[in-house]
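Participant: According to the numbering used here, the sequence shown is numbered sequentially starting from 28.
Below: one structure in structure tokens.
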Amino acid sequence: LYTWRRRARRGELALRAEDAPMFVPAVTADAFASEPAGAAADEIVIVMGHHPILPLEGHTIWNAPRLDALLREYPCAKVYLNGHNHAGAYSDADGFHYLTLDGMVETRDENAFSHARLYRDRMELIGFGRQESYRLPFR
């Protein structure tokens with residue numbers, strides 16, 4: 028998982044956004060759960076990782092149910108963005124959005140990329156090429 032806001036100590040994951048991205052293995056979910064890092068409910072937090080958490084399928088990270096429950100526990104967390112499954116995917120879990128961005132590795136003539144616009148009440152992903160566009164209202 029990736030996080031912004033402040034750098035977490037080694038082996039911890041802070042669900043906030045401020046500094047440059049820092050990679051923290053998803054296996055440290057217990058450390059994350061033990062420190063909500065003072066994230067306020069009115070903050071908007073977008074979480075990123077490499078492997079999908081939902082929908083459950085062959086590319087999903089091994090501890091997906093645990094991470095899903097953990098992320099949805101925090102009202103400030105709104106969206107989880109990831110790659111790995113080049114076909115892309117989307118899942119709405121009670122208003123928490125899981126979006127697997129399309130890959131372009133296995134395509135010959137088509138690209139896939141996007142940019143996002145963040146608003147207080149939603150995130151809009153504008154897709155190009157194979158990447159679909161999404162309007163994701165926040166819970």
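The C-beta atom is built at its ideal place from N, Cα and C for all residues, glycine as well.
Under 8 Å between the Cβ atoms of G85 and H113?
Facilitator: Position 58 of the sequence shown, counted from the first residue, corresponds to residue 85. Position 86 of the sequence shown, counted from the first residue, corresponds to residue 113. Going by C-beta atoms, G85 is not nearer than 8 Å to H113.
Participant: Tell me which same chain residues have a C-beta within less than 6 Å of the C-beta of I71, skipping the five on either side of it?
Facilitator: Here residue 71 refers to the residue found at position 44 when the sequence shown is read from its first residue. Cβ neighbours of I71 beyond the five flanking positions: K105.
Participant: Output the distance between the C-alpha atoms of P164 and N90, rounded to the nearest integer angstrom.
Facilitator: Translated into positions along the sequence shown, residue 164 becomes position 137. Translated into positions along the sequence shown, residue 90 becomes position 63. Roughly 26 Å separates the two Cα atoms.
Participant: Among all the DSSP beta bridges, which residues are the ones paired with R4?
Facilitator: This structure gives no information on residue 4, because the portion of the chain shown stretches from 28 to 166.
Participant: Do H77 and G110 have their C-beta atoms closer together than 8 Å?
Facilitator: Here residue 77 corresponds to residue number 50 of the sequence shown, with the count starting at 1. Here residue 110 corresponds to residue number 83 of the sequence shown, with the count starting at 1. Yes, the pair counts as a contact, with Cβ atoms nearer than the cut-off.
Participant: So, for H142: in the same chain, excluding its five sequence neighbours on each side, which residues have a beta-carbon less than 8 Å away from its beta-carbon?
Facilitator: Counted from its first residue, the sequence shown places residue 142 at position 115. Around H142: L152, I153.
Participant: Hey, L126 and Q158 are a contact pair by Cβ (cut 8 Å); roughly how many whole angstroms apart?
Facilitator: Counting from one through the sequence shown, the residue named residue 126 turns up at place 99. Counting from one through the sequence shown, the residue named residue 158 turns up at place 131. 10 Å between Cβ atoms; not a contact.
Participant: Ignore the nearest five residues each way along the sequence and tell me which others in P79's own chain have a CB closer than 8 Å to its CB.
Facilitator: Counted from its first residue, the sequence shown places residue 79 at position 52. Closer than 8 Å at Cβ, skipping near neighbours: H86, T87, I88, A91, N109, H111, N112, A116, Y125, T127.
Participant: Can you tell me whether V74 is buried or exposed, with buried defined as 16 or more other CB within 10 angstroms of its CB?
Facilitator: As a position in the sequence shown, residue 74 is number 47, starting the count at 1. With 16 or more Cβ atoms within 10 Å of its Cβ, V74 is classed as buried.
Participant: Could you check whether S118 and L145 sit closer than 8 Å to each other, using their CB atoms as the reference points?
Facilitator: Sequence index remark: in the sequence shown, residue 145 carries index 118 (1-based). Sequence index remark: in the sequence shown, residue 118 carries index 91 (1-based). For L145 and S118, no; Cβs fall outside 8 Å.
Participant: Within a Cβ cutoff of 8 Å, which residues of the same chain sit near R99, ignoring the five residues on either side of it in sequence?
Facilitator: Here residue 99 is taken as the residue at index 72 of the sequence shown, counted from 1. If we look at R99 and ignore the five residues flanking it on each side, its Cβ neighbours are A120, D121, F123.
Participant: Less than 7 Å between C-beta atoms, sequence neighbours within five positions excluded: which residues of the same chain meet that for R162?
Facilitator: Residue 162 sits at position 135 when you count from the first residue of the sequence shown. Closer than 7 Å at the Cβ level, and outside the excluded window around R162, lie R149, E151.
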